[in-house]
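Engineer: For the first sequence, the working numbering begins at 215 and goes up steadily by one.
Beta carbons are placed, not taken as given, at the ideal position from N, Cα and C, and that holds for glycine.
If you're wondering where the values come from, they're calculated on a predicted model, not measured in any experiment.
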Amino acid sequence: MPELPEVETTRNGIAPHIEQQRIEQVVVRDTRLRWPVPEDLAHLAQGRTVLAVTRRAKYLLLALDNGNLIIHLGMSGSLRITQTKQQPEKHDHIDIAFAGGKCLRFRDPRRFGCLLWSQQNPLMHPLLASLGPEPLDDCFSGEYLHLRAQGRSIPVKTFIMDQHIVVGVGNIYANEALFLTGLHPLVPAKTISREHFGQLIAAIKSVLSRAIAQGGTTLRDFVNEAGKPGYFQQALNVYGRSGQPCKRCGTTIRSLRMNQRASFFCPLCQNGG
DNA sequence: AGTGCGGCCTGTCCGC
DNA sequence: TGCGGACAGGCCGCAC
């Protein structure tokens, strides 16, 4: 399930293959993603050149010389660099074929992802315009989180997964960051001190950076541009480890459900706020 | 305005 | 061996 490290891994992988390359053909086999793929996508993109591949939150942004593609990988999406002549497989919904035979191939079995066109600055697109700061930016600080948490009674885990507060922190890394900080996931956001938020910020930056360095986390779906999995799952302390001993103190890791999502924590290491 | 939840999807796993 | 149901969850959009 692609979170920020997996999207960044994908960006790092595809950029050198497609930047400054000319799009020869676009093939859309299934338009039924989270939002319909634009009907005129081929007309818009064919013959154009990819100028740059950037990332904002979990969105990949392909700047063409006449507009922008906005891509979200959803839950099960992946982008791979293949040869155009290579036979597409089930769930390979979109091909962007380049001069020279390389192809950017979008696969998404569950179709929670999207591919949209933005004529103007994609950062102004309604989906992106009101997003919170990037977690690895310097402006994302304990002071900022503390300010935003004033009057918020929601659990801290829900708080840091809110894309309007900070982007890119999904379920896996929220669980891991809270473990590293010693915060129970249900602690109300407004009760956490600025100092404790400072530690939480450091944990978020640390876990995201290390996950990027490891090529992301692969639980079932995620593969990089070459079809290879990430390795950070080996470093997970709590996610998916319900019933297993805490790597720090040996206490049995427990889980609970909040907002229809699994939360994992060590009852001893994460004893409150 | 803040909060919580339904819905979108398919593959995998589990119990019968 | 087949089948139904639970589960996985990012995130919009809606209801309260």
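If I'm right that SER456 touches ARG468 with Cβ under 8 Å, what's the distance once you round it to whole angstroms?
Structural biologist: Start at 1 with the first residue of the first sequence, and residue 456 comes out as number 242. Start at 1 with the first residue of the first sequence, and residue 468 comes out as number 254. Rounded, the Cβ-Cβ distance is 6 Å, consistent with contact.
Engineer: For HIS378, I'd like the list of residues in its chain whose CB is within less than 8 Å of its CB, leaving aside the five on either flank, ordered along the chain.
Structural biologist: Along the first sequence, one-based indexing puts residue 378 at 164. Excluding positions up to five away in sequence, the list reads SER344, LEU345 and GLY346.
Engineer: Report the three-state DSSP secondary structure of GLN458 (helix, strand or coil).
Structural biologist: Locating residue 458 in the first sequence gives position 244, where the first residue counts as 1. Looking at GLN458 - three-state DSSP - the assignment turns out to be coil, as it is neither helix nor strand.
Engineer: In terms of residues, what are the limits of the alpha helix (DSSP H) holding THR224?
Structural biologist: Looking up residue 224 in the first sequence gives position 10. THR224 -> alpha helix (DSSP H) spans 218-232.
Engineer: By Cβ distance, which residues of its chain are closer than 8 Å to GLU233, with the 5 residues on each side in sequence left out?
Structural biologist: Translated into the one-based positions of the first sequence, residue 233 becomes position 19. Taken in chain order, the residues that qualify are VAL264, LEU265, ALA266 and VAL267.
Engineer: Three-state secondary structure (DSSP) at VAL267?
Structural biologist: In the first sequence, counting from the first residue as 1, residue 267 sits at position 53. Residue state, collapsed to three classes: strand.
Engineer: For the 8 Å Cβ check, are there 3 or more pairs between the segment 388-400 and the segment 412-420?
Structural biologist: yes
Engineer: Compute the Euclidean distance between the alpha carbons of LYS299 and GLN260, then round it to the nearest angstrom.
Structural biologist: For the purposes of this step, residue 299 is taken as the residue at position 85 of the first sequence. For the purposes of this step, residue 260 is taken as the residue at position 46 of the first sequence. If you take the alpha carbons of LYS299 and GLN260, they lie about 17 Å apart.
Engineer: Given this structure, state the Cα-to-Cα distance separating ARG471 from LEU278, to the nearest angstrom.
Structural biologist: Locating residue 471 in the first sequence gives position 257, counting from the first residue. Locating residue 278 in the first sequence gives position 64, counting from the first residue. Looking at the two C-alpha atoms, the distance is approximately 42 Å.
Engineer: Using DSSP with H/G/I as helix, E/B as strand and the rest coil, what is ALA476?
Structural biologist: The residue given as residue 476 occupies position 262 in the first sequence. If DSSP states are grouped into helix, strand and coil, ALA476 belongs with the strands.
Engineer: Kindly identify the DSSP beta-bridge partner or partners of TYR273.
Structural biologist: On the first sequence, residue 273 is found 59 positions in, with the first residue counted as 1. Paired residues: ARG270 and HIS286.
Engineer: Measuring only the C-alpha atoms, how far is VAL380 from LEU287?
Structural biologist: Taking the first sequence and counting its residues from 1, the one referred to as residue 380 is at position 166. Taking the first sequence and counting its residues from 1, the one referred to as residue 287 is at position 73. Cα-Cα distance, rounded: 18 Å.
Engineer: Please state the DSSP three-state secondary structure of GLY327.
Structural biologist: Within the first sequence, residue 327 is the residue found at index 113, counting from 1. Note: GLY327 maps to coil in three-state DSSP.
Engineer: Where ASN489 and HIS305 are concerned, what is the direct C-alpha to C-alpha distance, given to the nearest angstrom?
Structural biologist: Absent from the model: residue 489. The displayed extent of the chain is 215 to 487, so no value can be given.
Engineer: Between the alpha carbons of LYS404 and SER355, how many angstroms are there, rounded?
Structural biologist: As a working mapping, residue 404 is identified with position 190 in the first sequence. As a working mapping, residue 355 is identified with position 141 in the first sequence. Cα to Cα, the separation comes out at about 16 Å.
Engineer: Name the one or two DSSP bridge partners that VAL240 has.
Structural biologist: As a first step, residue 240 must be located in the first sequence, where it is residue number 26. Note: VAL240 sits in a beta bridge opposite ILE310.
Engineer: Mind checking which residues open and close the alpha helix (DSSP H) that includes ALA423?
Structural biologist: Numbered from its first residue, the first sequence carries residue 423 at position 209. The sequence given here places Ser at residue 423; Ala does not occur at that position. Element bounds for SER423: 408-427.
Engineer: Is it buried or exposed for GLY441, if we count other Cβ within 10 angstroms and need 16 for buried?
Structural biologist: Here residue 441 refers to the residue found at position 227 when the first sequence is read from its first residue. Within 10 angstroms of the beta-carbon of GLY441 lie fewer than 16 other beta-carbons, which makes it exposed.
Engineer: Helix or strand or just coil, what does DSSP make of PRO404?
Structural biologist: Position 190 of the first sequence, counted from the first residue, corresponds to residue 404. First, the amino acid is wrong: residue 404 is Lys here, not Pro. In this structure, LYS404 counts as helix in the three-state DSSP scheme.
Engineer: Does the distance from the CB of VAL240 to the CB of ILE310 come in under 8 Å?
Structural biologist: Against the first sequence, residue 240 aligns to sequence position 26. Against the first sequence, residue 310 aligns to sequence position 96. Their beta carbons are under 8 Å apart, which means VAL240 touches ILE310 by this criterion.
Engineer: Going by beta-carbon coordinates alone, are LEU350 and LEU422 separated by less than 8 Å?
Structural biologist: By 1-based counting over the first sequence, the position of residue 350 is 136. By 1-based counting over the first sequence, the position of residue 422 is 208. Yes, Cβ-Cβ distance for LEU350 and LEU422 is below 8 Å.
Engineer: Look at the alpha carbon of GLN488 and the alpha carbon of ILE285, and state the distance between them as a whole number of angstroms.
Structural biologist: The displayed coordinates of the chain run from 215 to 487. Any statement about residue 488 would go beyond what the structure contains.
Engineer: Taking all protein chains shown into account, do 16 or more other C-beta atoms lie within 10 angstroms of the C-beta of ASN389, making it buried, or fewer, making it exposed?
Structural biologist: As a working mapping, residue 389 is identified with position 175 in the first sequence. ASN389 should be labelled buried.
Engineer: Kindly provide the ranges of any alpha helix (DSSP H) runs that are 4 or more residues long and lie completely inside the segment 347-411, ordered along the chain.
Structural biologist: 356-362, 370-374 and 385-395
Engineer: Given a cut-off of 8 Å on the beta-carbon distance, is the pair GLN447 and THR431 in contact?
Structural biologist: The sequence position of residue 447 within the first sequence is 233, counting from 1. The sequence position of residue 431 within the first sequence is 217, counting from 1. In this structure, GLN447 sits near THR431, with a CB-CB distance shorter than 8 Å.
Engineer: Please state whether DSSP places GLN235 in a helix, a strand or coil.
Structural biologist: Locating residue 235 in the first sequence gives position 21, counting from the first residue. Three-state DSSP puts GLN235 in coil, outside helix and strand.
Engineer: Please state whether the Cβ-Cβ distance between GLY382 and LEU218 is less than 8 Å.
Structural biologist: Taking the first residue of the first sequence as 1, we reach residue 382 at position 168. Taking the first residue of the first sequence as 1, we reach residue 218 at position 4. In contact: GLY382 and LEU218 (Cβ atoms closer than 8 Å).
Engineer: For CYS463, count neighbouring Cβ atoms within 10 angstroms of its own Cβ and tell me buried if that reaches 16, exposed if not.
Structural biologist: As a working note, residue 463 is residue 249 in the first sequence. Looking at its Cβ environment, which holds fewer than 16 other Cβ atoms inside 10 Å, CYS463 is exposed.
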